[in-house]
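Here's the structure we're looking at; comments come further down.
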Amino acid sequence: MASRVPPLQWRTLQDIVNHMIATTVMSDGRTMAEVLEHWQNSRDKETALYHRNANNTAEDHELYQTVMEGHDQLLSTAMNKLHRAMIKDAEAGLWFAFGLRHPDTPQEVIPPRYWPFLTLDIEGEIVTGEGMTFRAIRCLRAEDIPLDHPIMEQIRAARHPKAAPCPAAPEVANDAQPVEGESIPQPPVVLYSGTQGRPSSVETLIMPELRRRAGAGCMEPSLARECRYLSEWLRSNHPTAHQIKPVSLENSLRQLHRELKSTPTKH
């Protein structure tokens, strides 16, 4: 009997927005949801005070309009920053969007490398940019996707387009070489959690990737955001390796991240 494919938790763009509002922590320790609620309450109070007074003058009305514009500007700025953070998270592979380029084409995943060039239309469920339009957007958060789900193959293909084959190594006369037609089986990558005498995913996979990203100038200045990316990178590219949560990665990478951040990138 074929194994049952686990269901996926599809979300809308607005769902992703709501999740970020609920989980984003501001500099004062409050969540973005709490800050937005405070702003909305202040706006509602100003509106109630204005309409409670039946003798408002033209100056009162002008002041009220100025206050309302200030509240609206605060909200607009906050949401623009949130949308930029959403795009950064999509670029880092923390969530994935799927859309249609044409009514008769299949749904496809938007490659993370596209996101710096794209714009979100939350209400319309549309993503556009650089002559591309993806409609009927559906989203998946990376942490919600089972590793063994078939859709992971589509996601991996979008994240890492097939590269040109490497040139063959020069032939060397060697009696120990396998004869034509033989193949040497390659063991799967299975790294461990760092127990004594065994390699760890951090040392063998994640630290080299962090150094590569720093050298390429794409390392996140925020340690927390970089660790979120690296945790998902490990999950997507090395599913058989020992998986590490972002919070645990922060402790292991703090010193290296600080050193790499202080080292000028070579161009």
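Using the numbering used here, read the sequence shown as starting at 49 and increasing by one per residue. Here a beta-carbon is modelled for each residue, glycine too, at the ideal position from N, C-alpha and C.
In the structure shown, what three-state DSSP assignment does ILE254 receive?
-> Position 206 of the sequence shown, counting from 1, holds the residue named residue 254. Note: ILE254 maps to helix in three-state DSSP.
Evaluate LEU97 with the Cβ neighbour count: other Cβ atoms within 10 Å of its Cβ, from every protein chain shown; 16 or more gives buried, anything less gives exposed.
-> For the purposes of this step, residue 97 is identified with residue 49 of the sequence shown, where counting begins at 1. Counting Cβ neighbours within 10 Å, LEU97 comes out exposed, since fewer than 16 surround it.
Are three or more beta carbon pairs between the stretch 108-115 and the stretch 123-138 nearer than 8 Å?
-> Because the criterion of three Cβ pairs below 8 Å is not met, the stretch 108-115 and the stretch 123-138 do not touch.
Determine the closest residue to GLU307 out of LEU271, HIS286, CYS187, THR288, with distance taken between C-alpha atoms.
-> As a working mapping, residue 307 is identified with position 259 in the sequence shown. Among LEU271, HIS286, CYS187, THR288, the Cα nearest to that of GLU307 belongs to LEU271.
Whole runs of the alpha helix (DSSP H) within the stretch 69-106, excluding any shorter than 4 residues = 80-100
Determine the DSSP secondary structure at GLU156, reduced to helix, strand or coil.
-> For the purposes of this step, residue 156 is taken as the residue at position 108 of the sequence shown. Strand.
For LEU56, three-class secondary structure by DSSP = For this step, residue 56 is matched to residue 8 along the sequence shown. Coil.
Nearest-angstrom Cα separation, counted from SER296 out to THR176 | Taking the sequence shown and counting its residues from 1, the one referred to as residue 176 is at position 128. Taking the sequence shown and counting its residues from 1, the one referred to as residue 296 is at position 248. Answer to the nearest angstrom: the Cα atoms are 36 Å apart.
Mind checking whether GLN289 and SER249 have CB atoms under 9 Å apart?
-> Looking up residue 289 in the sequence shown gives position 241. Looking up residue 249 in the sequence shown gives position 201. This sequence places Ala at residue 289; Gln is not what is there. Yes.
Three-state class that DSSP yields for ARG317 in the structure shown | No answer is possible for residue 317: the residues shown for the chain start at 49 and end at 315.
For ASP192, which residues of its own chain have a beta-carbon under 6 Å away from its beta-carbon, when the five flanking residues on both sides are left out?
-> Along the sequence shown, read from residue 1 onward, the residue named residue 192 stands at position 144. Closer than 6 Å at the Cβ level, and outside the excluded window around ASP192, lie GLN57.
If you draw a straight line from the C-alpha of MET68 to the C-alpha of GLU251, how long is it?
-> In the sequence shown, the residue the question calls residue 68 occupies position 20. In the sequence shown, the residue the question calls residue 251 occupies position 203. If you take the alpha carbons of MET68 and GLU251, they lie about 31 Å apart.
Indicate whether ARG161 and PHE182 have their beta-carbon atoms separated by less than 9 Å.
-> Residue numbering aside, residue 161 sits at position 113 when the sequence shown is read from its first letter. Residue numbering aside, residue 182 sits at position 134 when the sequence shown is read from its first letter. No, the pair does not count as a contact, with Cβ atoms beyond the cut-off.
Taking DSSP as the reference, what is the three-state secondary structure of ILE12?
-> Residue 12 lies beyond the stretch modelled for the chain, which goes from 49 to 315, so this question has no answer here.
So the beta strand (DSSP E) CYS187 belongs to, where does it begin and stop?
-> Working through the sequence shown from its first residue, we reach residue 187 at position 139. Per DSSP, the continuous beta strand (DSSP E) segment holding CYS187 begins and ends at 180-189.
Determine the closest residue to ALA184 out of ASN66, ALA190, GLU171, LEU84, with distance taken between C-alpha atoms.
-> Mapped onto the sequence shown, residue 184 falls at position 136. Per the Cα distances, GLU171.
Indicate the three-state DSSP secondary structure (helix, strand or coil) for ASP120 in the structure shown.
-> Taking the first residue of the sequence shown as 1, we reach residue 120 at position 72. Three-state result, ASP120: helix.
The beta strand (DSSP E) enclosing LEU168, as first and last residue numbers | In the sequence shown, the residue the question calls residue 168 occupies position 120. Unbroken beta strand (DSSP E) run through LEU168: 167-169.
Mind checking GLY265: buried by the 16 CB within 10 Å criterion, or exposed?
-> To locate residue 265, count along the sequence shown from 1; it is residue 217. GLY265 is exposed by the Cβ-count criterion.
Identify, in the order they occur along the chain, each residue of the same chain with its Cβ nearer than 8 Å to the Cβ of ASN222, setting aside the five sequence neighbours on each side.
-> Numbered from its first residue, the sequence shown carries residue 222 at position 174. Confidence is the limiting factor: at ASN222 the pLDDT is only 44, short of 50, which leaves the residue's position unreliable and the question unanswerable from this model.
Closest residue to THR95 among THR114, LEU258, VAL83, MET80 (Cα-Cα distance) = Here residue 95 is taken as the residue at index 47 of the sequence shown, counted from 1. Among THR114, LEU258, VAL83, MET80, the Cα nearest to that of THR95 belongs to THR114.
According to DSSP, is GLY177 helix, strand or coil?
-> As a position in the sequence shown, residue 177 is number 129, starting the count at 1. The answer is strand: DSSP assigns GLY177 an E or B state.
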